[in-house]
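Undergrad: For the record, in the sequence shown the residue sitting at position 23 is 507 according to the working numbering, with numbers rising by one throughout.
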Amino acid sequence: MNNQTRIISILSDGAFHSGEELGKTLGISRTGIWMAIKKLSTYGLDLHSVRGKGYRFAHAVELLDSTKILRSIEASTRNKISNLDVFLQLESTNAYLMGKVNSDIDKANVCFAEMQTAGRGRRGRKWISPFGGNIYMSILRHFSSDPQMLGGLGLALSVAIIRTLQDFGINDVKLKWPNDVIWQKRKLAGTLVEMVAESTGPCRVVMGIGFNADLSNSVSHQIDQPWVDLKTILGEVPSRNQLAGKLLQQLFNAITQFEQSGLSMFAEEWRRYDAYSGNHVSLLLPKDKISGICEGIDNMGALLVRVADGQIQKFTSGEISLRG
Ligand code: ATP
Ligand code: BTN
485 MNNQTRIISI LSDGAFHSGE ELGKTLGISR TGIWMAIKKL STYGLDLHSV
535 RGKGYRFAHA VELLDSTKIL RSIEASTRNK ISNLDVFLQL ESTNAYLMGK
585 VNSDIDKANV CFAEMQTAGR GRRGRKWISP FGGNIYMSIL RHFSSDPQML
635 GGLGLALSVA IIRTLQDFGI NDVKLKWPND VIWQKRKLAG TLVEMVAEST
685 GPCRVVMGIG FNADLSNSVS HQIDQPWVDL KTILGEVPSR NQLAGKLLQQ
735 LFNAITQFEQ SGLSMFAEEW RRYDAYSGNH VSLLLPKDKI SGICEGIDNM
785 GALLVRVADG QIQKFTSGEI SLRG
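(1) When you compare each of V712, V680 and I774 to G583 by their alpha carbons, which one comes out closest?
(2) Starting from L747, trace the beta strand (DSSP E) in both directions and tell me its first and last residue.
(3) Using a threshold of 7 Å, is the CB atom of L676 nearer than that to any non-hydrogen atom of the ligand BTN?
(4) Just grab the DSSP bridge partners of Y539 for me.
(5) Does the segment 493–511 come within contact of the segment 533–541, defined as at least 3 CB pairs closer than 8 Å?
(6) Verify the contact flag: W611, CB atom, against every heavy atom of the ligand ATP, threshold strictly below 7 Å.
(7) Please confirm whether any heavy atom of the ligand ATP lies closer than 7 Å to the CB of K763.
(8) Would you kindly work out how many angstroms separate the C-alpha atoms of A792 and S723, rounded to a whole number?
(9) How far does the beta strand (DSSP E) with K671 in it reach, from first residue to last?
(10) Apart from the five residues on each side of it in sequence, which residues of its chain come closer than 6 Å, Cβ to Cβ, to A751?
(11) If I measure Cβ to Cβ from L634 and keep anything under 8 Å in the same chain, skipping five residues before and after, which residues do I get?
(12) In terms of residues, what are the limits of the beta strand (DSSP E) holding A597?
(13) Is the segment 633–647 in contact with the segment 701–715, if contact means three or more CB pairs nearer than 8 Å?
(14) Please classify Y620: does DSSP put it in a helix, a strand, or coil?
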């Protein structure tokens, strides 16, 4: 653990800790502590510094802990993971795993970050990822299926998020094609699947999940659409490690199910939560805009829209945005 990580874990109790106390615990000078704290402030952490009292976080933070997360999932799922890492800060968990070589291609690589400096959404958009309150995670795994068959994987992951929310008693959520989980018209979570199809051999797939648990942070105003977090829905934030474990379990269950039978096992469930089926919608294409009535998804995860001449058109491209 480096000094910054150690300071963060000491401050995570939300109480004041003086520079002197931190210095003694870490075995470094007060100036060293001050410099480390200054660096932490640039991460956008809500840190208070009060003369005569010391430093503290605005709120207590339950840091993610790989041992706790692994302990909370089923042994059979643990066996499918080669390693699970928790980072204090990454540019993007998806970017990190996209650049990683998996030594054991039969197993998955999982990573979580406490914050992301360049969290990404679809089509170059940003995922705002402040420190210590939410889940930013990715899974790297190889699939032997044809890349075209993987088109519906993101939708299966959204169903896994729905199932996780049900574990917390939340049922009134909706899905917006292709990758958004919505609560009362506000965005709660999103998935981002990125893949590299090798000319021979299996396809390397990175599955990223951003899930808002507690977004009451100074940077949340940067989100340019209505958003929500679990804290608002439940009135409290459940244990982040428990949430991470439940989510990981559901994701692995879904991945296994998807590998065996594709999207067919999920399509019905996805349709039950479809936010737009039957509604008038617009599709924003790179150079065009199409309007029509949303007819839901087909069994491969393509969006179906009844256009002006009454024909149903199918849309699969990642270059399309659906608007109500
Ligand atoms: P679509 O998926 O229909 O193309 P979208 O606006 O939902 O449209 P995405 O790429 O899915 O786009 O998601 C990125 C968008 O999500 C950002 O542009 C921003 O509006 C919103 N966003 C960013 N960070 C968060 C967050 N932490 N919570 C909720 N929403 C966020
Ligand atoms: C979206 O709605 O566009 C999807 C957002 C996905 C965000 C997650 S956060 C963890 C992973 N790493 C990233 O950079 N993006 C995904």
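Note that CB positions come from ideal geometry on N, CA and C, so glycine has one too.
Since the structure is predicted, the reported quantities are computational estimates derived from the model, not experimental observations.
TA: So, from the listed chains and residues:
(1) Position 99 of the sequence shown holds residue 583. G583 has its Cα closest to that of V680, out of V712, V680 and I774.
(2) Here residue 747 is taken as the residue at index 263 of the sequence shown, counted from 1. Counting along the chain, L747 sits inside no beta strand (DSSP E), nor does DSSP assign it H or E at all.
(3) Numbered from 1 along the sequence shown, position 192 holds the residue referred to as residue 676. Yes.
(4) Against the sequence shown, residue 539 aligns to sequence position 55. Paired residue(s): H501 and S533.
(5) Cβ pair count under 8 Å is three or more, so yes.
(6) Looking up residue 611 in the sequence shown gives position 127. Within the chosen limit of 7 Å, the ligand ATP reaches the beta carbon of W611 through at least one heavy atom.
(7) For the purposes of this step, residue 763 is identified with residue 279 of the sequence shown, where counting begins at 1. The question names Lys, but residue 763 in the sequence shown is Asn. It does not: the Cβ of N763 is nowhere closer than 7 Å to a heavy atom of the ligand ATP.
(8) For the purposes of this step, residue 792 is taken as the residue at position 308 of the sequence shown. For the purposes of this step, residue 723 is taken as the residue at position 239 of the sequence shown. For A792 and S723, the distance between alpha carbons rounds to 49 Å.
(9) Within the sequence shown, numbered from 1, the residue matching residue 671 stands at position 187. Residues R670 to V680.
(10) Locating residue 751 in the sequence shown gives position 267, counting from the first residue. Cβ-Cβ distances below 6 Å link A751 to N783 in the same chain, with the five nearest sequence neighbours on each side left out; the list follows chain order.
(11) Stepping through the sequence shown from its first residue, residue 634 is reached at position 150. For L634, where only same-chain residues beyond five positions count, the Cβ hits under 8 Å are F627, V677, M679, C687 and V689.
(12) Start at 1 with the first residue of the sequence shown, and residue 597 comes out as number 113. From DSSP, the beta strand (DSSP E) with A597 extends over A592 to Q600.
(13) No, the segment 633–647 does not touch the segment 701–715.
(14) Along the sequence shown, read from residue 1 onward, the residue named residue 620 stands at position 136. In the structure shown, Y620 sits in a strand (DSSP, three-state: E or B).
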